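First the structure, in the form of structure tokens, and then the observations on it.
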Amino acid sequence: MDYQQLLAPAAKAMRPSGIRKFFDLAAEMPHCISLGVGEPDFKTPWSIRDAGIRSLEQGRTRYTANAGLKELRAEVCAYLARRFDLAFGPEQVLITVGGSEAIDLTIRALVAPGDEVIIPEPCFVCYEPITQLTGGVPVPIATRAEDGFCLTPDALRAAITPRTKLLILPYPNNPTGAVMSEADLEAIAAVLRDTNVMVLSDEIYAELTYGLDRHVSLAALPGMAERTVVVNGFSKSYAMTGWRLGYAAGPADIIKVMTKIHQSCIMSAPTTSQYAAITALHSCDEAIETMRDEYNRRRRYVVKALNEMGLTCFEPRGAFYVFPSIRRSGLTSEAFCERLLQEKQVAIVPGDAFGACGEGFARISYAYSVDHLQTAMARIRAFLCENGWA
69 MDYQQLLAPA AKAMRPSGIR KFFDLAAEMP HCISLGVGEP DFKTPWSIRD AGIRSLEQGR
129 TRYTANAGLK ELRAEVCAYL ARRFDLAFGP EQVLITVGGS EAIDLTIRAL VAPGDEVIIP
189 EPCFVCYEPI TQLTGGVPVP IATRAEDGFC LTPDALRAAI TPRTKLLILP YPNNPTGAVM
249 SEADLEAIAA VLRDTNVMVL SDEIYAELTY GLDRHVSLAA LPGMAERTVV VNGFSKSYAM
309 TGWRLGYAAG PADIIKVMTK IHQSCIMSAP TTSQYAAITA LHSCDEAIET MRDEYNRRRR
369 YVVKALNEMG LTCFEPRGAF YVFPSIRRSG LTSEAFCERL LQEKQVAIVP GDAFGACGEG
429 FARISYAYSV DHLQTAMARI RAFLCENGWA
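Numbering (my numbering), first residue to last: 69 to 458.
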């Protein structure tokens, strides 16, 4: 059989993840230090694990309601109100298999073939392929270090056409660590209020911001809740990556359609994870603060180390990534990362994995122990010195 003829064109055209490529290569090197994957090195807090264990001991192993446990959806609403001044009811919340499913469902519920989806880049790798699989048209907007890697209102205004259906707003940002202040978001909201453009606000790193200003959600601004689907989850804030649990919160009519898709494809998110997440939201604010403080310490160390060795580094204010420029090497991002991996066994991710405008940069995660980070920084410095780039 000719499988190339049978496979869907959009699926064949998808690029493999640039993140996974370097992670897989690093896994084959026993002495490699991988700073490529955005996964907390903390264990899930014990109270959360204990809640999951207790749910199993009590035999709570059946499907939940398609939208998720009512108690969990109520806790999501209370958490969003307490932490980010967002007002949602349980009927406006859908519990998903990680934040990634929430992104997928939002795009599939809103985007029809030919609809345009505006995507600020550099950004998380899934937005473009999911858009393409729906028949939508990705419209990338290159952001710049000079603008703090933030979407500007002028760039957004220029990108909107009569076919624009959705803006994806990925802040705090993966891979740059950029954040958007309330003033930045208000400028974006002013462009959108007189349009029919919806917003997917990916806020998975909302709890991981550094400095005096806490994260502000676009949906908290006047007139924006009705046009925004907020995506969040438990992986980053609570070190629950393997529990695979996220959620979407937004207008009830949109959440209802997303739930129908979820119902057909998934049935319900993992039951054990949902019971554990109730405890996370209700009782673990202090654990968030502890992990954030440690990430902040690592952030300051890595930014200082990279700048001192000559890799100019934009100062990230959110998430747990730095995005240094590697242009002084004269290499492409991929060539730089491949040589670093082969010569010094340090795995980082080429910037162009996150969009064409990421060329000339690399992403380094600092969600790793200080010992790992110190060893990696020493190896990177030696790599630069030996090649005359330090």
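Using N, Cα and C, we set each Cβ at its ideal position, and we do this for glycine too. Predicted, not measured: the structure shown is a model, and the values here were computed from it.
Excluding the 5 residues flanking it on each side, Leu289 has same chain C-beta neighbours closer than 7 Å at Leu253, Glu254 and Ala257, in chain order. In this structure, the straight-line span from the alpha carbon of Val193 to that of Arg225 is close to 24 Å. Inter-segment contact for the stretch 260-273 and the stretch 220-236 is present: three or more beta-carbon pairs are separated by less than 8 Å. Contact between the stretch 196-213 and the stretch 423-430 is established, with three or more Cβ pairs separated by less than 8 Å. For Thr339 and Ser303, the gap between their C-alpha atoms comes out near 16 Å.
With contact defined as three or more Cβ pairs closer than 8 Å, the stretch 154-164 and the stretch 178-191 are not in contact. The C-beta distance from Thr309 to Glu143 rounds to 20 Å, too long to fall under 8 Å, and the pair is not in contact.
Excluding five sequence positions before and after Ala317, the CB atoms of its chain that fall closer than 6 Å to its own CB belong to Phe156, Gln160, Val161 and Val298, given in chain order. With fewer than 16 other Cβ atoms inside 10 Å of its own Cβ, Trp114 counts as exposed. Nearest Cα to Leu219 within the set Gly291, Asn364 and Pro190: Pro190. Within the same chain, Cβ atoms closer than 6 Å to the Cβ of Leu201 are found at Ala78, the five residues on either side in sequence being excluded.
In the displayed model, Thr232 falls within a strand according to three-state DSSP. In the DSSP assignment, Val267 falls within the unbroken beta strand (DSSP E) covering Met266 to Asp270. About 5 Å separates the beta carbons of Val247 and Pro240, which is inside the 8 Å limit, making them a contact pair.
Between Leu441 and Val370, the gap from beta carbon to beta carbon is short of 7 Å. The C-beta distance from Gln410 to Gly136 rounds to 45 Å, too long to meet the 8 Å contact threshold. Here the alpha carbons of Leu173 and Lys328 stand approximately 10 Å from one another. Under the 10 Å beta carbon count, Met359 is surrounded by 16 or more other beta carbons and is classified as buried. Contact annotation: the stretch 272-280 touches the stretch 348-363, with at least three C-beta pairs closer than 8 Å. Residue environment: Ser351 is assigned as exposed (fewer than 16 neighbouring CB atoms within 10 Å of its CB, all protein chains considered). Secondary structure at Pro108: coil, using DSSP grouped into helix, strand and coil. In the three-state scheme derived from DSSP, where H, G and I count as helix and E and B as strand, Thr443 is classed as helix. The beta carbon of Ile236 is closer than 6 Å to those of Ile187, Tyr195 and Leu268 in its chain, skipping five residues each way along the sequence. In terms of Cα proximity to Ser437, the closest of Asn300, Tyr363, Tyr131 and Val414 is Tyr363.
The Cβ atoms of Gly419 and Phe429 sit closer than 7 Å to each other. Under the three-state reduction of DSSP output, Val417 falls in the strand class.
Annotation for Ser351: the continuous alpha helix (DSSP H) segment containing it runs Thr339 to Ser351. Judged by DSSP in its simplified three-state form, Ser123 adopts helix. Every beta strand (DSSP E) of 3 residues or more that sits fully in the stretch 147-218 is shown, in chain order, as 161-164, 184-189 and 205-210.
In its chain, beyond the 5 residues on either side, Ile209 have a beta carbon closer than 7 Å to the beta carbon of Ala223. Residue His330 holds the alpha-carbon nearest to the alpha-carbon of Asn134 among His330, Thr380 and Ser393.
Between Pro384 and Leu140, the alpha-carbon positions lie close to 32 Å from each other.
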